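Visitor:
In full-length UniProt numbering, the protein residues as written are 1 to 197.
#1: Would you check if the distance between the CB atom of residue 84 and the CB atom of residue 39 is smaller than 8 Å?
#2: Report the rounded CA-to-CA distance for residue 59 versus residue 72, giving the unit in angstroms.
#3: Report the rounded CA-to-CA distance for residue 54 versus residue 81, giving the unit in angstroms.
#4: Write down every uninterrupted run of the alpha helix (DSSP H) in the segment 63-142 whose length is 4 residues or greater and which is fully enclosed by it, in chain order.
#5: Looking only at its own chain, which residues have a Cβ that is under 7 Å from the Cβ of residue 126, when we skip the five neighbours before and after it?
#6: Over the uninterrupted alpha helix (DSSP H) stretch that includes residue 44, give me the two end residues.
#7: Quick check: the Cα distance between residue 25 and residue 41, rounded to an integer number of angstroms?
#8: Taking 8 Å as the limit between beta carbons, can you name the residues of its chain near residue 111, skipping five residues before and five after?
#9: Considering Cα atoms alone, identify which of 143, 157, 159 and 22 is closest to residue 77.
#10: Is any heavy atom of the ligand SAM found at a distance shorter than 7 Å from the C-beta of residue 152?
#11: Span of the alpha helix (DSSP H) holding residue 24?
#12: Confirm, please, whether the CB-CB distance from residue 128 to residue 108 is below 8 Å.
#13: What's the call for residue 70, buried or exposed, on a 16-neighbour Cβ count within 10 Å?
#14: Among 134, 145 and 136, which residue has its Cα nearest to the Cα of residue 123?
#15: Is it right to say residue 62 is buried, meaning 16 or more other beta carbons lie within 10 angstroms of its own, or is it exposed?
#16: Give me the DSSP bridge partner(s) of residue 12.
As structure tokens, this is what we get:
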């Protein structure tokens, strides 16, 4: 074992992507030790909670090298592996009826980051088909955007505009409700004045 402690590593609790954890662990260990036995021993230090309990359940002498540890680890936490998004899934992604433009764009951007094998032109040209019919989708059909930066800039403006419209509608509804309450109170108070004589 090296004479210094292993580097601090974000500890895996069994709920996140195992591939991400293995990559982080390997990057941290690259500057510490390349020794297989050291990596096997240090791996337990990168676990906590349920994942650490799993590690302790490995049968004695079942781990002959670090590759075995990572293979067992991947099998155990395969369900947590982040799934790649296919281009078909991106094409079929649709803005829901009551979904705000902001919420949809967060979902679309997250999916677009995970799609493998498609270029930015595909991501840009696909977006209008995924949006609800209306001004934003029509604008995107009519105006050919040339880069992801241009798309993000334009969508940020649309999101700001839509957020403002939602806020104005909410204020109007609250004002309408407040006005009805005031009218009802005036009706009741005039009944009180004229009644019971």
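For every residue, glycine included, the Cβ atom is placed at its ideal position computed from N, Cα and C. Source: prediction; values computed, not measured.
Guide: According to the structure shown:
#1: The residue labelled residue 84 in the question sits at position 84 within the chain shown. The residue labelled residue 39 in the question sits at position 39 within the chain shown. No, they are not a contact pair.
#2: Along the chain shown, one-based indexing puts residue 59 at 59. Along the chain shown, one-based indexing puts residue 72 at 72. Computed Cα separation, rounded: 12 Å.
#3: On the chain shown, position 54 is the one that residue 54 refers to. On the chain shown, position 81 is the one that residue 81 refers to. Whole-angstrom Cα-Cα distance: 17 Å.
#4: With a minimum length of 4 residues, the continuous alpha helix (DSSP H) runs that stay inside the segment 63-142 are 66-76, 87-92, 101-114, 120-130 and 135-142.
#5: Position 126 of the chain shown holds residue 126. Within the same chain, residue 126 has close Cβ partners 90 and 91.
#6: As a first step, residue 44 is located in the chain shown; it is residue number 44 there, counting from the start. No alpha helix (DSSP H) contains residue 44, which DSSP labels as neither H nor E.
#7: Working through the chain shown from its first residue, we reach residue 25 at position 25. Working through the chain shown from its first residue, we reach residue 41 at position 41. One Cα belongs to residue 25, the other to residue 41, and the distance between them is close to 12 Å.
#8: Along the chain shown, one-based indexing puts residue 111 at 111. Non-local beta-carbon contacts of residue 111 in its own chain, meaning distances under 8 Å to residues more than five positions away in sequence, involve 85, 89, 90 and 93 in chain order.
#9: The residue given as residue 77 occupies position 77 in the chain shown. Nearest C-alpha to residue 77: 22.
#10: Here there are no bound small molecules, and the ligand SAM is not part of this structure.
#11: Position 24 of the chain shown, counting from 1, holds the residue named residue 24. Looking at the DSSP string, the run of the alpha helix (DSSP H) that includes residue 24 is 18-30.
#12: Along the chain shown, one-based indexing puts residue 108 at 108. Along the chain shown, one-based indexing puts residue 128 at 128. One thing to note: residue 108 has its Cβ no nearer than 8 Å to the Cβ of residue 128.
#13: The count along the chain shown starts at 1 and reaches residue 70 at position 70. That one is buried.
#14: On the chain shown, position 123 is the one that residue 123 refers to. Among 134, 145 and 136, the Cα nearest to that of residue 123 is on 145.
#15: Here residue 62 corresponds to residue number 62 of the chain shown, with the count starting at 1. Taking all protein chains shown into account, residue 62 has fewer than 16 neighbouring C-beta atoms within 10 Å of its C-beta and is therefore exposed.
#16: Here residue 12 corresponds to residue number 12 of the chain shown, with the count starting at 1. According to DSSP, residue 12 bridges with 47.
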